[in-house]
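Asker: Let me begin by handing over the structure; questions about it come next.
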Amino acid sequence: MLSHESVWSAIDRLARHNGMTPSGLARRAGLDPTTFNPSKRIAADGRPRWPSMESISKILDATKADLAEFVALMRHPEAPSMTPMPPTAMAGFFSDASAASSESWPDHDDVEAAERVAALPDHDLTLKVHGRDLMPLYRDGDVLVVSPAADIRPGDRVLVRHAGGRLSAHVLLRRTRTRVEFAGARESDPPLRHGITEIAWIARVIWASQ
């Protein structure tokens, strides 16, 4: 359920992720710089105010974000900035020692995001899918929130990093001490079976913009 606090906090985080204050974000979007000031968030009678849909639309356009990303910022406040990278390229930032490479990351903030993904932290991660590598479950442009700390049960959708570095998305069927089994791409397909040594890690997808 939406709350005033979550919507206003998402605006603050969107500004921060783009290196701006809320006032700077409003200015970039062509709004009055005071649009998102704390004083504008409470009405004269003390009731909380909602930001207008027009102002939200303008800041999304100004930051090249979409509504799904904004919703992810509302629901998962600790998620790092979303990095539009192909899943296969993203997998290349994970070494066997779980150390992130910074050679291809454009700035310091993205290097920090890579390190958080590589180390599989205990907070949620927000990722944007580019390309077809996670089909048929997820398509180009989908936004995923992945929780490395969440319990995984049969029937859950998961993001999988294979030992060779490839990323894929599956529905988990069962997991034992020696084997992991995923549902096939179609109901008629046989299950996909992997030895436990073939899998680097599995993280549950707890939200997707579909």
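Okay, so the sequence shown: first residue is 4 according to our numbering, each after it adds one.
Virtual Cβ for every residue (Gly too), placed ideally from N, Cα, C.
What are the boundary residues of the alpha helix (DSSP H) that includes E57?
Answerer: Residues M56 to T66.
Asker: Just the C-alpha distance for D159 and V208, rounded to the nearest angstrom, thanks.
Answerer: Looking at the two C-alpha atoms, the distance is approximately 8 Å.
Asker: Determine the DSSP secondary structure at I155, reduced to helix, strand or coil.
Answerer: DSSP places I155 in coil when its eight states are reduced to three.
Asker: Helix or strand or just coil, what does DSSP make of F198?
Answerer: The amino acid at residue 198 is misidentified as Phe; the sequence shows Gly. In the structure shown, G198 sits in a strand (DSSP, three-state: E or B).
Asker: Can you give the beta carbon distance from W223 to R44, rounded, assuming they're within the 8 Å contact cut?
Answerer: Any question about residue 223 goes unanswered here, given that the chain covers just 4 to 213.
Asker: Hey, out of L170, G187 and W210, whose CA is closest to A153's CA?
Answerer: It is W210 whose Cα lies nearest to the Cα of A153.
Asker: Apart from the five residues just before and just after G198, which ones in its own chain have a Cβ nearer than 7 Å to its Cβ?
Answerer: T181 and R182, listed in sequence order.
Asker: Going by DSSP, what residues sit across from W210 in a beta bridge?
Answerer: Answer is V148, bridged to W210.
Asker: For V146, tell me which candidate among A32, G168, T129 and P139 has the shortest Cα-Cα distance.
Answerer: Ranking the options by Cα distance to V146, first place goes to T129.
Asker: Is it true that the CB of A203 sits closer than 8 Å to the CB of R164?
Answerer: Yes, Cβ-Cβ distance for R164 and A203 is below 8 Å.
Asker: Is there contact here, the segment 71-79 with the segment 22-33, by at least three beta-carbon pairs under 8 Å?
Answerer: The segment 71-79 is not in contact with the segment 22-33.
Asker: Reducing DSSP to helix, strand and coil, say where A71 ends up.
Answerer: DSSP places A71 in helix when its eight states are reduced to three.
Asker: Among the residues of its own chain, which have a CB less than 8 Å from the CB of E29, if the five just before and after it don't count?
Answerer: Note on residue identity: the sequence assigns Ala, not Glu, to residue 29. Result list for A29: D35, P36, T37, T38, F39, S58 and I62, in chain order.
Asker: Report, in whole angstroms, the separation of the C-beta atoms of V149 and L162, which I expect to be a contact under 8 Å.
Answerer: Yes, they are in contact, since the Cβ atoms of V149 and L162 sit about 5 Å apart, within 8 Å.
Asker: Pull the bridge partners of P193 from the DSSP assignment, please.
Answerer: None; P193 has no bridge partner.
Asker: Among residues of its own chain, excluding the 5 on either side of L176, which ones have a beta-carbon nearer than 7 Å to its beta-carbon?
Answerer: Same-chain partners within the cutoff: P157, E184, F185, A186 and P194.
Asker: Exposed or buried, what is A47 when buried is set at 16 or more other beta-carbons lying within 10 Å of its beta-carbon?
Answerer: The residue is exposed, with fewer than 16 neighbouring Cβ atoms inside 10 Å.
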